[in-house]
Amino acid sequence: MQPIFTTEITKFRADEQGVVDDILVREIKLDIVLNDAKIGSMMATPTDLEALGVGYLLSENLITNKDEIKNVSFDEQSLSVKIIANENKTALSNFNFESVIISGCGRSVTANVNLENLNAKIIKSTAKFQRREISKMMSEFYTQCELYEMTGCVHTAKIFCGKNFYIGEDIAQHNTIDKAIGKAVLNGENLENSLLMVSGRLSSEMVVKAVMNGICVLVSRTAPTSLGVLIARKFNLTLCGFARGENLNVYSGLERIYA
Numbered sequence: 009m010q011p012i013f014t015t016e017i018t019k020f021r022a023d024e025q026g027v028v029d030d031i032l033v034r035e036i037k038l039d040i041v042l043n044d045a046k047i048g049s050m051m052a053t054p055t056d057l058e059a060l061g062v063g064y065l066l067s068e069n070l071i072t073n074k075d076e077i078k079n080v081s082f083d084e085q086s087l088s089v090k091i092i093a094n095e096n097k098t099a100l101s102n103f104n105f106e107s108v109i110i111s112g113c114g115r116s117v118t119a120n121v122n123l124e125n126l127n128a129k130i131i132k133s134t135a136k137f138q139r140r141e142i143s144k145m146m147s148e149f150y151t152q153c154e155l156y157e158m159t160g161c162v163h164t165a166k167i168f169c170g171k172n173f174y175i176g177e178d179i180a181q182h183n184t185i186d187k188a189i190g191k192a193v194l195n196g197e198n199l200e201n202s203l204l205m206v207s208g209r210l211s212s213e214m215v216v217k218a219v220m221n222g223i224c225v226l227v228s229r230t231a232p233t234s235l236g237v238l239i240a241r242k243f244n245l246t247l248c249g250f251a252r253g254e255n256l257n258v259y260s261g262l263e264r265i266y267a
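Note that our numbering has the sequence shown beginning at 9, numbered continuously upward.
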């Protein structure tokens, strides 16, 4: 399925008017199916959908690692990602009972919003990142982001694992993180010393996705929410916002950032 389609529109340029073809990003309702049971639905852009399903289940702790996965497939007819895996039954029970609609665009759910009950480990990575290098990475953030360049209508996430990086693009910001994580994990990457960079705000569910996957640094060009900061501080995640030009706000985990 193509992630874009072309439609005819009327465009005004100052006093000039014309009919042109415009490229729009495609939006679908995607079902996530784990062991033949529907976990939930989300609005998504039809790219990297298998990675999206894997990243979502990892972020929710419904599966704990790549080795638990037996098969992943996308069914275009039913618009569903079907995953066969050894499921985390405790997390699945909590997910079914405690799920809430998250604040990101699109529509999805998470059970990982309670600061006291969040089932995650303290991040112990000793990796360090130079502030100037983070600024450089942010200045190049939208390079190699094909959908954004064509449509200007998607969020982006990049996860940097050593010399490799993985891109997720989607109409929903939380999907971009799951896509990038899913692509990295399916490629055998260890996320322990990785840096995750996102295009939008650092709300609680975005921060939780980094924490649940053991990522040590999360950076955005925009702001975090109060709960996002509290979660980052509790689990020792380095959280950085307003990465613009040479500026950077560090809300937690300053020890991983150096001049």
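Think of the CB as a built atom: it goes at the ideal place given N, C-alpha and C, for glycine as much as any other residue.
How many whole angstroms separate the CB atoms of residue i and residue j, which I take to be in contact at a CB cut-off of 8 angstroms?
i: Q181; j: Y266; result: Going by Cβ atoms, the distance from Q181 to Y266 rounds to 28 angstroms, so no, they are not a contact pair.
i: N221; j: L238; result: Not really, about 19 angstroms apart at Cβ, beyond 8 angstroms.
i: I167; j: A128; result: That belief does not hold up - the Cβ atoms of I167 and A128 are roughly 17 angstroms apart, past 8 angstroms.
i: L204; j: I223; result: 5 angstroms
i: T159; j: L57; result: Rounded, the Cβ-Cβ distance is 18 angstroms, inconsistent with contact.
i: S234; j: L210; result: Not quite, the Cβ-Cβ distance comes to about 11 angstroms (not below 8 angstroms), so this is no contact.
i: T55; j: P11; result: 5 angstroms
i: S67; j: I189; result: 7 angstroms
With distances taken Cα to Cα, identify the nearest neighbour of residue i among the options.
i: L102; options: A93, N69, S86; result: Reading off the sequence, residue 102 comes out as Asn, not Leu. Checked all of A93, N69, S86; the closest Cα to N102 is N69.
i: A231; options: F243, K242, R252, C169; result: R252
i: N79; options: F20, T184, N43, C161; result: N43
i: H163; options: V206, L226, K242; result: V206
i: G26; options: E16, A52, R34; result: E16
i: G63; options: L194, A99, M145; result: L194
i: C174; options: L155, E197, C161, Y156; result: Looking at the sequence provided, one finds Tyr at residue 174 rather than Cys. When only C-alpha atoms are compared, the closest one is E197.
i: L65; options: E84, R140, N96, A52; result: N96
i: E263; options: A135, I77, E141; result: A135
i: C153; options: M146, K171, N172, E177; result: E177
i: E254; options: E157, M145, K171; result: M145
i: A45; options: N94, D30, D75; result: N94
Anyone know if the C-beta pair for residue i and residue j falls short of 7 angstroms?
i: L60; j: K187; result: yes
i: L245; j: I131; result: yes
i: S212; j: A240; result: no
i: N201; j: S133; result: yes
i: S88; j: D39; result: yes
i: F13; j: R34; result: yes
i: V215; j: G249; result: no
i: L256; j: L226; result: no
i: N183; j: A99; result: no
In the DSSP assignment, find the unbroken alpha helix (DSSP H) run with residue i in it and report its ends.
i: M9; result: Element bounds for M9: n/a, residue is neither H nor E.
i: E213; result: 212–220
i: R241; result: 234–242
i: N257; result: Per DSSP, N257 belongs to no alpha helix (DSSP H); it is in the beta strand (DSSP E), 255–260.
i: T159; result: 154–159
i: S147; result: 139–147
i: G63; result: 57–67
Going by the DSSP bridge assignment, what does residue i pair with across the sheet?
i: T164; result: E177
i: L203; result: F168, V225
i: T246; result: V225
i: F103; result: None, per the DSSP bridge assignment.
i: D83; result: S88
i: V28; result: I17
Quick one: give me the first and last residue of the beta strand (DSSP E) that residue i is part of.
i: E35; result: No beta strand (DSSP E) contains E35, which DSSP labels as neither H nor E.
i: K129; result: Element bounds for K129: n/a, residue is neither H nor E.
i: S49; result: 45–52
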